[in-house]
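In this note's numbering, the protein residues as written are 2 to 326. From the three backbone atoms N, C-alpha and C, an ideal C-beta is built for every residue, glycine too.
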């Protein structure tokens, strides 16, 4: 037989060789751990739709954040779940609201060892479950919502958040928040824009986790899964408005979008591996359909390979611990 002169398999022969020539690799500091904290509970509550994840108490949240930081994760993203909800979502910017208390708790626990990220949205806080204030037509009133987002960003900055992340996909949200932060003396707080957030079916477990009251959908503000050029336009607008980082959400089903965004902008790109992606792999692994740890790391490596510098994933702490191994 006439074998080819070039033999790519030579570099796959041992694990050490494969590690040496790997083009992409995971590092704990690339990963961000989302954490849920619920007001009014005395013990952490498991989230059935997301095996292994919890609605934390303030105390258990501090411990979970400390564990994540000890594992070397780059950041933690906090989602508050209030006891009471209101039409205007006022709990989102209440200085004694659960998110602000949680931010202060975690910053006190971990200091600057990891980035503490506040999510800016109203869906956990509104009794109708939408991401902002509703207009007379029942749709989200974009500009009225911007004022609420700005108040929320200021409350989170005052609580000590290292970074704020508006996720509602309102037009002009980055510009409004940037102006509000700068005007209040928080010009050093960066903004991670959910710049390309799609109207995805894979958010279902998250909405269970935060006890969302949503009836209906979010197709008037979240992006159509069919569109790519629209995502690039949204990303460019957010950067022009002052976004310091941009995000694509979900991650795994939108790797083409991640790649194009990474090629388009000169700010760091994040991608959010959402609750449905997490739950799907966990469910398949529990049925013995795939090797859990290999599937997790393959899915995360694919997101990094597509161009995401930062990966937000519910497996962040676990994977960081394994990488430190």
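If we ignore side chains and look at the alpha-carbon of each, how far apart do residue i and residue j end up?
| i | j | result |
| --- | --- | --- |
| residue 283 | residue 56 | 18 angstroms |
| residue 102 | residue 85 | 15 angstroms |
| residue 336 | residue 209 | Lying outside 2 to 326, the shown extent of the chain, residue 336 is not represented and no answer is given. |
| residue 28 | residue 232 | 27 angstroms |
| residue 313 | residue 131 | 23 angstroms |
| residue 97 | residue 306 | 41 angstroms |
| residue 66 | residue 107 | 7 angstroms |
| residue 328 | residue 267 | Residue 328 is absent from the structure shown; the chain starts at 2 and stops at 326. |
| residue 197 | residue 3 | 51 angstroms |
| residue 165 | residue 247 | 12 angstroms |
| residue 219 | residue 273 | 18 angstroms |
| residue 110 | residue 47 | 23 angstroms |
| residue 157 | residue 89 | 18 angstroms |
| residue 83 | residue 20 | 45 angstroms |
| residue 180 | residue 190 | 12 angstroms |
| residue 245 | residue 7 | 44 angstroms |
| residue 342 | residue 253 | Outside the displayed range of the chain (2 to 326) lies residue 342, so it cannot be described from this structure. |
| residue 269 | residue 259 | 11 angstroms |
| residue 299 | residue 79 | 25 angstroms |
| residue 53 | residue 45 | 12 angstroms |
| residue 16 | residue 10 | 12 angstroms |
| residue 328 | residue 87 | The shown model of the chain, from 2 to 326, leaves out residue 328, and the question about it has no answer. |
| residue 140 | residue 128 | 14 angstroms |
| residue 162 | residue 39 | 18 angstroms |
So, with DSSP's three-state summary, where would you put residue i?
| i | result |
| --- | --- |
| residue 163 | coil |
| residue 108 | helix |
| residue 279 | helix |
| residue 240 | helix |
| residue 101 | helix |
| residue 259 | helix |
| residue 322 | helix |
| residue 272 | strand |
| residue 157 | helix |
| residue 288 | coil |
| residue 231 | helix |
| residue 216 | coil |
| residue 189 | coil |
| residue 267 | coil |
Would residue i and residue j qualify as a contact pair, given that the criterion is a beta-carbon distance under 8 angstroms?
| i | j | result |
| --- | --- | --- |
| residue 77 | residue 32 | no |
| residue 311 | residue 271 | yes |
| residue 174 | residue 147 | yes |
| residue 215 | residue 124 | yes |
| residue 257 | residue 229 | yes |
| residue 194 | residue 167 | yes |
| residue 50 | residue 81 | no |
| residue 301 | residue 320 | yes |
| residue 36 | residue 18 | no |
| residue 120 | residue 143 | no |
| residue 160 | residue 104 | yes |
| residue 225 | residue 200 | yes |
| residue 251 | residue 275 | yes |
| residue 318 | residue 23 | no |
| residue 280 | residue 206 | yes |
| residue 176 | residue 155 | no |
| residue 204 | residue 136 | no |
| residue 243 | residue 304 | no |
Taking the beta carbon of residue i as the centre, do at least 16 other beta carbons fall within 10 Å, making it buried, or is it exposed?
| i | result |
| --- | --- |
| residue 221 | exposed |
| residue 95 | buried |
| residue 13 | exposed |
| residue 153 | buried |
| residue 1 | Beyond the ends of the chain as shown, which are 2 and 326, falls residue 1; an answer cannot be given. |
| residue 60 | exposed |
| residue 308 | buried |
| residue 202 | exposed |
Opposite residue i in the DSSP bridges: which residues?
| i | result |
| --- | --- |
| residue 1 | A question about residue 1 goes unanswered here, because the residues of the chain that appear run from 2 up to 326. |
| residue 119 | 79, 165 |
| residue 194 | 247 |
| residue 176 | Its beta-bridge partners do not exist; DSSP assigns none. |
| residue 127 | 87 |
| residue 313 | 33, 273 |
| residue 199 | 224 |
| residue 6 | DSSP output for residue 6 lists no bridge partner at all. |
| residue 135 | 141 |
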